[in-house]
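Accompanying notes for the structure given below.
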Amino acid sequence: MTTPPLKLFNSLTRQVEQFVPIHAGEARVYSCGPTVYNYQHVGNMRAYVFADTLGRTLSWAGYDLTHVVNITDVGHLTSDADAGDDKMEKAAASAGKSAWDIAAYYQRVFEDDLARLNIRKLQHPKATDYVEAMIEWGKGIEDKHCYRIESGLYFDVTTVPEYGRLARAVTEEGEARIESVEGKRNAADFAIWRTTPEGEDRQMEWDSPWGRGAPGWHIECSVMSAELLGHPFDIHTGGIDHREIHHPNEIAQNQAHNCREKSGANIWMHNNFLVDRRGKMSKSTGDFLTLQALVDRGYHPLAYRMLCLQAHYRSELEFTWEGLGAALVRLKRLVMGLRQAQDQWSQEAGLAPPPPTRADGLRAEVTHPKLAPLLEKFENALADDLNTAIALTALEEVLATKKMPKDQKGILALGMMWPLGLMILPREELRLRPAGAQVTEAEIEAELVRRKEARAAKDFALSDAIRDDLAAKGVEVMDGDPLGWDWKLEHFA
Ligand code: AMP
Ligand code: ZN
């Protein structure tokens, strides 16, 4: 078998297309990153799990990957279409801190969350480091595509062919997000530069030909992608909300600057929303779940990654605690199966070498007639617009195989974990243990040792008493649990 061609859904054409790199053997990807004025919620993190799974799939298929996730530390207003307050300035004012401190703090938390989700470390350029380049870009497109009004320099969307073709039809939600700004020629026109109004103090501002002020939000992604990846590059990603305003605006800027009929990237990909009963999880409601909130309830962050992988990135995913619990159990089963496969393999091979992190390397090592087709199924699933749900079942099928050569089974199962961004963890780490629990893990373990000794000495009265005592503290002892868990905390969710 050879590597199956990678097919990806292109939002521009609304079709699945074969990935053909612009530079042979390379893949260059840009993913819109967080606005660092607040914590990222788990909905936002779905966008980065998706981008990471795409990046891993490209690396795994053998492409030399350059992947940028920018940090929006200036320019994003409370409305995506350049009206309302500046998110950074607003957060700084209400916290009584500088906008720069706010940005640094939330960027750090974001990067910690990425690491906890086993998202690979990438370049995270900050928009504020590219303001000069944004001004240069603005100067280059000003004459033919922009006009000045009191609040700044605006882009006239009628000056480029087919504005909005990415969005297709502007939905009611999209329309509602375009607020009117005094003097705009067309509702969809957007700011390249926002001149600071007289009498207003901004913490983040720069000199420009259009007065002192700050760049618009959309210009940063055009500029950073061009600077870091060159236009055109291969793949641009973001959440599906960006298909309506932010990415059409990026495309218009790219067309004005250098791309004419083209958009700046060959493929535009969008992950769908994480929703709950009330709809899309969003920061503006103020009521959202962070990754830390999941951890505080006792869930390992990779349970959330598993939840994301179980759904296709283009479908909505509903968040429920039950769903997260089921994803955690599935992850536990995988980890247990993998540990077994790895232990058997290590016993035969001594200290087992790490599996190849490229598909062709894995294919060369796994030749058994029952295992090779499962690798093929796995590869085909990922190549089919990142069908991680099917890929996961192929991995589970590998673990369920019996009487396989241990090295091949172990190496294959571990090798499949890599593109999915899953990994073997000590099983204790996957135990549900809410941060607010009354009893420590060490105390529980010590009691269980005592109970084991009591049972060995046939002192069942003592053993039962210990179990009851633990139950009174909310700890359920799990004798004979098929997953090998000795205990869990009750009433966790
Ligand atoms: P922001 O920090 O608001 O710029 O958003 C960061 C990323 O998260 C963007 O790619 C958004 O499109 C994406 N996003 C926002 N809300 C959700 C959600 N509920 N589900 C999935 N992705 C989202
Ligand atoms: Zn962007």
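Going by our numbering, the letters in the sequence shown line up with residues -1 to 491, in that order.
Using N, Cα and C, we set each Cβ at its ideal position, and we do this for glycine too.
C-alpha distance - residue 134 paired with residue 313, whole-angstrom precision: 39 Å
For residue 476, count neighbouring Cβ atoms within 10 angstroms of its own Cβ and tell me buried if that reaches 16, exposed if not. Taking all protein chains shown into account, residue 476 has fewer than 16 neighbouring C-beta atoms within 10 Å of its C-beta and is therefore exposed.
Within the same chain, show all residues whose beta-carbon is closer than 8 Å to that of residue 421, passing over the 5 residues directly before and after it, in chain order. Excluding the 5 residues flanking it on each side, residue 421 has same chain C-beta neighbours closer than 8 Å at 116, 300, 415, in chain order.
Name the DSSP beta bridge partners of residue 129, please? Residue 129 is not bridged to any residue.
Pairwise C-alpha distance: residue 191 and residue 326: 46 Å
Could you give the residue range of the alpha helix (DSSP H) that holds residue 155? Per DSSP, residue 155 belongs to no alpha helix (DSSP H) and is neither H nor E.
Span of the beta strand (DSSP E), counted from its first residue to its last, around residue 485: 485 to 487
Can you tell me where the beta strand (DSSP E) with residue 495 in it begins and where it stops? What the structure shows of the chain is the stretch from -1 to 491, and residue 495 is not part of that stretch, so it cannot be assessed.
Beta bridge counterpart(s) of residue 266 as assigned by DSSP: 234
Rounded straight-line distance, which links the Cα of residue 91 to that of residue 491: Here the model assigns residue 491 a pLDDT of 39, short of 50, so the residue's position is not dependable, and the following value carries that caveat. If you take the alpha carbons of residue 491 and residue 91, they lie about 35 Å apart.
Taking DSSP as the reference, what is the three-state secondary structure of residue 490? Any reading at residue 490 needs caution, since the residue's pLDDT is 49, under 50, leaving its predicted position unreliable; the model's value is listed next. In the three-state scheme derived from DSSP, where H, G and I count as helix and E and B as strand, residue 490 is classed as coil.
Run of the beta strand (DSSP E) containing residue 18, from where it starts to where it stops: Careful: residue 18 lies outside any beta strand (DSSP E) and carries neither H nor E.
What does a CB cutoff of less than 6 Å around residue 11 pick up in its chain, not counting 5 residues either side in sequence? Apart from the 5 residues on each side of it in sequence, residue 11 has no Cβ closer than 6 Å to any other Cβ in its chain.
Confirm the yes/no value for this check: CB of residue 244, any heavy atom of ligand 2, distance under 7 Å. yes
Do residue 486 and residue 425 have their C-beta atoms closer together than 8 Å? no
Using alpha carbons as the reference points, say which of 199, 352, 292, 14 lies closest to residue 323. 292
Residue nearest to residue 216 in terms of C-alpha spacing, selected from 247, 234, 209, 203: 247
Using a 10 Å radius around the Cβ and a threshold of 16 neighbouring Cβ atoms, would you call residue 454 buried or exposed? exposed
DSSP on residue 26, reduced to helix/strand/coil? strand
When DSSP labels each residue in this structure, what does residue 124 get in the three-state scheme? strand
Within the segment 404 to 435, note down every full alpha helix (DSSP H) run reaching 4 residues or more, in order along the chain. 404 to 418
Taking 8 Å as the cut-off, decide whether the C-beta atoms of residue 66 and residue 226 are in contact. yes
From which residue to which residue does the alpha helix (DSSP H) around residue 385 run? Segment: none, residue 385 is in no alpha helix (DSSP H) and carries neither H nor E.
For residue 208, does the three-state DSSP call read helix, strand or coil? coil
Ligand 2 heavy atom lying under 7 Å from the CB of residue 237: No, the beta carbon of residue 237 sits no closer than 7 Å to any heavy atom of ligand 2.
Is there contact between the segment 44 to 55 and the segment 303 to 311, where contact requires at least three CB pairs shorter than 8 Å? yes
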